[in-house]
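Protein chains in written order, with the working numbering: chain A, 16 to 349; chain B, 341 to 695. We put the CB at the ideal spot given by N, CA and C, even for glycine. Data first, discussion second: the structure below is written as structure tokens.
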Amino acid sequence: MARTTFGRGALAALSAAALLALGACSTTAPEGSDAGSGDAGSGDDLITIGFSQVGAESGWRAANTKSIQDTLTAENGFDLKFSDAQQKQENQIQAIRSYIAQGVDVIAFSPVVESGWDAVLEEAKTAGIPVILTDRAVDSQDETLYESFIGSDFVLEGEMAGQWVAENFDGQGIKVVELQGTTGSAPAIDRKEGFASAIAGTDIEVIDSQTGNFTRAEGKTVMEGFLQAHDDIDLVFAHNDDMGLGAIEAIEAAGLTPGEDIKIVTIDAVKDGMQALADGKINYIVECNPLLGPDLADIAKKVIAGESVEKRIVVKDEAFDQEAAVAALPTREY
Amino acid sequence: MSARVGTVVKHHLFWPLAALVALLVACTIKRPAFLRVSVLDDHLFGAPIDILRNSAPLLLVALGMTLVIATRGIDLSVGAVVAIAGAVALTFIASSPDPDSLGTVVGAIFVALGLCLVLGVWNGFLVSVLGIQPIIATLILMTAGRGIAMLITGGMITTVNSPPFKTLGSGFWLGLPVAALVAYGVFVVVAVVVRRTALGMLLEAVGINPAASRLSGVRARTLVWTVYAASGLFAGLAGLIFASNTMAADANNAGLFIELDAILAVVIGGTALSGGKFNLSGTLAGVLVITTLSLTVTVLGVSPLVTPLFKALVVIAVTLLQSPALRARLRRRRPGSPAPRVEQPAENPAQEVHA
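Shown next as structure tokens:
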């Protein structure tokens, strides 16, 4: 009796382990893996690039992933190994370690959080694999740990949002609530800082600030809480479109009109957000360009060719008000 | 008199309800109008309504979890099932030619619930027929399930615009949120079925001693199989409500850690993880505590940096107060308490009342 139980337990543990491995594999994209056909080194002229994405938490991220997968193709000279970290740093570190073990030519990743990367980046450096950061930065003191950081200037994005609010509402004593991104992430920290610095010296007041974790569901529940906690909210500043879209739902459920009774300012400019802006439910969106694929391809080629690259490549961001959204919407790629 | 107070305090619902009241009082002190419910656009509106609506998915998941735990099992896969249900339903609606039609939405709901029932049956098969440890058996789907959901959505967040589907999560019927009506309706039906028939007793028998109950003619295997299937189905329904709430299927984040919240709700409600006696009213209280806690964090303006710590402190307080060992120790330390002689009978509730 005891023996069969043990046998069953072992069998179960084995099948669980097998499925764990399957689960990890199923998130890697099929693109590019056909050309690589097993050997991790650059067998032909293809540059093998291991990319660890944050997750699929928002529409922005989806556009970013698509840009990278569409650019780093075999036709363009790349063998892309893509993995999704599901917003967990440990998954990302694991993915980077596996890329090091496979001996890829370049490692690129968008760090989930800012801190705690030194050890694994040191390993990559020791293995002689150049690292490129995309979208989000790390707070490491040692700049030699990575070749380049491609991405938007989050502080500037926060400032642009804050400036628009200051220009339009200074002197009216408006009260702002803020929906922050994932606690500890670079965009959340920087956008908060940029917004605060842009409205400093005005009579605009941020009366509450909570994390909505960059997701629509949490943006909605947190906004519901804000509406219960405060009577006098004039404006919502959301660190991304998805939380802003969640806030719209909560505001509508409270019988108020988003865009009029409560103004909404967000960052990202993904399709759903732009649509809401064109519909008048959002008042202003600062773009955060997700199309980093071409820049990444360019830098990766230069790094492999031994050319020097700039440590910081800032992607140009625009901003849209409601009229601009109506004009821009038909031609938007994402 | 003190004996009566003692009985009330000893009731399994006392501490969870005390915690719930404490949270509501804290919110009301901060916001005097917190508990006010008003009528707005022909439906009720206010914090209590928000709590009811937002508790719907967790209530469904915790309901299934209570039944599973009663049979000495556990179902870790519910979070993944929540994600799969949303992914299936929204992908179905998004790919249909007419997303606005009621037929499409009903079809999507049936397909999603059907698949979740199959997943629940799969868990039940692993546990009841193959005899795999429940924690391992359901861990398989917990890990693989999000992969399945990602596969269905193609790694993207699927969003749709379909008014009939939106009704499930955000709509109102007779002034009350549809999501809450569905979840609480299912809860009442299950409670009646379990408590008005012998089913509840049989489940407890299986949980207390599977071998003895089987020998006395209880069909333990079928019962265990059924509770896992029910857990899968309820998690699927929770997933539909969750997806409908935001009209987006997020394979990574939908229902993330809901299995832990559900287990917590069951434990706060006084059902032991070792199986046997279970209580659904306790689970309901636990669910309301957890949902209210999230709203309390926002209303009190707790900094996002310490939110997890704040939640943990509340949970620790409730579970500690419920711990029989700690309560016995506190009673013993209290000045003027009966002589140590009474210590042994104190374990027996019947004698305690008479003391």
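Neighbour flag for residue i against chain A, beta carbons, 8 Å
i, result
"Arg696/B", "Nothing about residue 696/B can be read from this structure; chain B reaches only from 341 to 695."
"Ala602/B", "no"
"Ser634/B", "yes"
"Val639/B", "yes"
"Thr411/B", "no"
"Leu360/B", "no"
"Asn593/B", "yes"
"Ala523/B", "no"
"Gly385/B", "Before going on, a small fix: residue 385/B reads as Phe here, not Gly. Answer yes: the Cβ-Cβ gap between Phe385/B and chain A drops below 8 Å somewhere."
Residue i, buried or exposed, once every other Cβ within 10 Å from all chains shown has been counted against 16
i, result
"Pro372/B", "exposed"
"Gly515/B", "exposed"
"Arg206/A", "buried"
"Leu577/B", "buried"
"Asp257/A", "buried"
"Gly51/A", "Because Gly51/A sits at a pLDDT of 38, beneath the cut-off of 50, its placement in the model cannot be relied upon, and the following sentence gives the value as read from the coordinates. With 16 or more other Cβ atoms within 10 Å, it is buried."
"Glu193/A", "buried"
"Asp120/A", "buried"
"Gly419/B", "buried"
"Asp85/A", "exposed"
"Gln243/A", "buried"
"His351/B", "exposed"
"Pro648/B", "exposed"
Test: residue i CB closer than 8 Å to a CB of chain B
i, result
"Glu348/A", "no"
"Arg434/A", "Residue 434/A cannot be examined here, being either before or after the span of chain A that is shown, 16 to 349."
"Ala123/A", "no"
"Ser73/A", "yes"
"Asp223/A", "yes"
"Thr86/A", "no"
"Ala55/A", "Because Ala55/A sits at a pLDDT of 43, beneath the cut-off of 50, its placement in the model cannot be relied upon, and the following sentence gives the value as read from the coordinates. No, no contact with chain B."
"Ala343/A", "no"
"Val285/A", "no"
"Asp154/A", "no"
"Gly70/A", "yes"
"Ala232/A", "yes"
"Gln104/A", "no"
"Lys317/A", "no"
"Glu162/A", "no"
"Gly270/A", "yes"
"Ala89/A", "no"
Sequence-distant residues of the same chain with beta carbon closer than 6 Å to residue i, five excluded per side
i, result
"Cys367/B", "Phe374, Thr636, Val639"
"Glu174/A", "Gly209, Ala213"
"Asp13/A", "Here chain A comprises residues numbered 16 to 349, so residue 13/A is not present and cannot be evaluated."
"Val458/B", "none"
"Gln225/A", "Val237"
"Ala396/B", "Ala519, Ala520, Ala523, Ile581"
Within 8 Å, strictly: CB atoms of residue i and residue j
i, j, result
"Thr411/B", "Val607/B", "no"
"Thr611/B", "Ile449/B", "no"
"Ile165/A", "Val330/A", "yes"
"Asp122/A", "Ile108/A", "Residue 122/A is actually Ile in this sequence, not Asp. Cβ distance not < 8 Å, so Ile122/A and Ile108/A don't count as in contact."
"Asn501/B", "Gln102/A", "no"
"Ala71/A", "Asp99/A", "yes"
"Ala201/A", "Glu129/A", "yes"
"Gly426/B", "Ser571/B", "no"
"Ile492/B", "Val428/B", "yes"
"Ala588/B", "Gly609/B", "no"
"Ala569/B", "Gly460/B", "yes"
"Ile424/B", "Ala489/B", "yes"
Closer than 9 Å at the beta carbon, the chain D residues around residue i
i, result
"Ile598/B", "In summary, chain D is missing from the structure at hand, where the protein chains are A and B."
Own chain partners of residue i with C-beta closer than 8 Å, once the 5 adjacent residues on each side are dropped
i, result
"Ile391/B", "Leu628, Thr631, Thr632, Leu635"
"Thr566/B", "Gly464"
"Pro68/A", "The sequence as given places Gln at residue 68/A; Pro does not occur at that position. Correct list, in chain order: Arg76, Asn79, Thr80, Ile83, Phe97, Ser98, Asp99, Ala100, Phe124, Ser125."
"Ala343/A", "Met289, Phe335"
7 Å Cβ shell around residue i - same chain, five flanking residues per side excluded
i, result
"Gly477/B", "A small correction: the amino acid at residue 477/B is Ala; Gly does not occupy that position in the sequence shown. Closer than 7 Å at the Cβ level, and outside the excluded window around Ala477/B, lie Asn463, Leu466, Val467."
"Ile277/A", "Ile248, Asp249, Leu250, Val251, Ile266, Leu271"
"Val601/B", "For the sequence presented, residue 601/B should be read as Asp rather than Val. Cβ neighbours of Asp601/B beyond the five flanking positions: Leu398, Ile630."
"Asn394/B", "Thr631"
"Glu172/A", "Arg206, Gly209, Ile282, Val301, Cys303, Asp332"
Uninterrupted alpha helix (DSSP H) stretches inside the region 478–514 of chain B (no shorter than 4 residues): Every unbroken stretch of the alpha helix (DSSP H) spanning 4 or more residues and falling wholly within the region 478–514 of chain B is given here in chain order: 503–510.
Which runs of the alpha helix (DSSP H) fall wholly inside the region 238–293 of chain A and span at least 4 residues, in chain order? Whole alpha helix (DSSP H) segments, 4+ residues: 256–268, 286–293.
4 or more residues per run - each alpha helix (DSSP H) lying fully within the region 131–174 of chain A: For the region 131–174 of chain A, the full-length alpha helix (DSSP H) segments reaching 4 residues or more read 133–141 along the chain.
At what residue ranges does the region 600–652 of chain B contain a whole run of the alpha helix (DSSP H), taking only runs of 4 or more? If one requires a minimum length of 4 residues, the alpha helix (DSSP H) runs lying completely within the region 600–652 of chain B are 620–640, in chain order.
Segments of 3+ residues assigned as beta strand (DSSP E) that fall wholly inside the region 366–402 of chain B: You should have 378–380, 383–385.
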